[in-house]
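In our numbering, the protein residues as written are 1 to 351.
Even glycine gets a Cβ: it sits at the ideal position worked out from N, Cα and C.
Working notes for the structure below.
Right, here's the structure in full:
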């Protein structure tokens with residue numbers, strides 16, 4: 001199923017996409033028309049996830065044979081984030097190619113700016129500045145995101161006034177479907193309800209202040225203002241091979257990077273095993289993949305400007321589209337030059 005949360009006539013509803021996403025089946029209305037009363041499971045996406053497999057199958061049956069009066073044109077609906085308030089957001093570093101790409105770009109800019117470029121290159125190479133950091137392969141790293149700052153597709157993302165450099169990040173995420181602790185690798189996939197696209201919006205200058213500081217207590221406000229998810233949640237049964245999907249990023253309709261989920265070193269199953277060593281995972285939690293190689297402006301060198309439209313696409317899921325707005329800026333140019341931002345980086349931005 002391709003599950004969405006949407007608004008129609010001012011009411012938040014849960015539905016499934018059909019007809020190549022051109023039409024929506026309203027699950028609660030479909031159940032009411034057939035059964036006389038809609039179950040609480042169809043009142044929200046979180047309620048549906050919490051309800052378990054019995055109601056997931058019921059939703060599938062309603063999707064396959066909906067009453068005509070429960071089907072609407074997508075054009076009549078306002079799309080919302082598929083899971084408007086996740087139980088939690090944990091974002092990981094699953095793509096080593098992103099680390100390599102970011103390190104290469106920052107390192108090359110340091111070389112270019114040095115009085116003796118070859119000496120600088122030798123020093124950086126000796127220090128491992130172009131390599132994946134030691135310890136990356138020891139265990140998955142993650143930060144906890146702001147679940148109260150979630151945005152869906154086709155809504156504007158406000159550039160925070162405290163930042164002079166924001167960035168998009170091409171990611172995707174697994175949605176947890178059932179509670180579990182000490183989950184084995186063999187059983188981990190059964191705990192995944194579905195998948196969605198994730199734009200991990202970042203205020204790079206604020207992020208670097210925290211992550212490049214003495215305490216390094218996480219990304220802080222560099223990651224606090226916006227998490228983009230959508231346009232839908234595709235249930236796990238619809239994606240039999242989740243680690244062979246193409247990923248693309250476009251700015252104003254022009255493709256700026258591409259990658260594949262096949263380049264994940266840590267799979268979602270690995271993350272589930274790691275997280276449940278001493279804790280339980282709960283329905284509605286989101287596990288982010290981290291940025292695919294080339295999936296942000298640090299790697300492409302194409303800085304984000306006000307009014308840019310960022311489109312992130314993952315094969316089989318769809319397109320997550322957002323426009324960047326900056327009411328505090330007087331022009332449509334980026335508040336900070338990409339050259340200036342990159343040259344001032346003292347450390348590689350790891351996320």
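Straight-line gap, residue i to residue j (C-alpha atoms, nearest Å)
{"i": "residue 178", "j": "residue 5", "result": "20 Å"}
{"i": "residue 237", "j": "residue 22", "result": "21 Å"}
{"i": "residue 104", "j": "residue 208", "result": "17 Å"}
{"i": "residue 158", "j": "residue 81", "result": "16 Å"}
{"i": "residue 65", "j": "residue 241", "result": "27 Å"}
{"i": "residue 19", "j": "residue 120", "result": "57 Å"}
{"i": "residue 218", "j": "residue 36", "result": "50 Å"}
{"i": "residue 189", "j": "residue 288", "result": "15 Å"}
{"i": "residue 290", "j": "residue 166", "result": "17 Å"}
{"i": "residue 204", "j": "residue 224", "result": "11 Å"}
{"i": "residue 373", "j": "residue 70", "result": "Shown here, the chain extends from 1 to 351; a query on residue 373 therefore has no answer."}
{"i": "residue 305", "j": "residue 247", "result": "22 Å"}
{"i": "residue 52", "j": "residue 58", "result": "10 Å"}
{"i": "residue 94", "j": "residue 263", "result": "8 Å"}
{"i": "residue 12", "j": "residue 43", "result": "9 Å"}
{"i": "residue 344", "j": "residue 303", "result": "Annotation note: pLDDT 46 at residue 344 (below 50); position unreliable, coordinate value reported separately. If you take the alpha carbons of residue 344 and residue 303, they lie about 15 Å apart."}
{"i": "residue 308", "j": "residue 323", "result": "6 Å"}
Beta-bridge partners of residue i, as assigned by DSSP
{"i": "residue 72", "result": "24"}
{"i": "residue 275", "result": "None; residue 275 has no bridge partner."}
{"i": "residue 212", "result": "Answer is none; residue 212 lacks a bridge partner."}
{"i": "residue 247", "result": "259, 314"}
{"i": "residue 151", "result": "228"}
{"i": "residue 322", "result": "155, 310"}
{"i": "residue 288", "result": "91, 173"}
{"i": "residue 281", "result": "180"}
{"i": "residue 254", "result": "251"}
Range of the contiguous alpha helix (DSSP H) that encloses residue i
{"i": "residue 11", "result": "Taken as a continuous stretch (DSSP letters only), residue 11 belongs to no alpha helix (DSSP H), being part of the beta strand (DSSP E) at 11 to 18."}
{"i": "residue 297", "result": "297 to 300"}
Residue span of the beta strand (DSSP E) that contains residue i, given as start and end
{"i": "residue 157", "result": "155 to 158"}
{"i": "residue 7", "result": "2 to 8"}
Burial state of residue i, where buried means 16 or more other Cβ atoms lie within 10 Å
{"i": "residue 227", "result": "buried"}
{"i": "residue 268", "result": "buried"}
{"i": "residue 2", "result": "buried"}
{"i": "residue 61", "result": "exposed"}
{"i": "residue 26", "result": "buried"}
Proximity test, Cβ basis, 9 Å: residue i and chain C
{"i": "residue 88", "result": "You won't find chain C in this structure, because it holds only one protein chain."}
Complete alpha helix (DSSP H) runs within the region 23 to 66 (minimum length 4 residues, chain order): 27 to 35, 45 to 51, 53 to 64
Whole beta strand (DSSP E) elements within the region 163 to 243, 3-residue minimum: 170 to 176, 192 to 199, 227 to 235
Enumerate, from N- to C-terminal direction, the unbroken beta strand (DSSP E) stretches of 3 or more residues contained entirely within the region 72 to 148. 78 to 80, 88 to 92, 142 to 144
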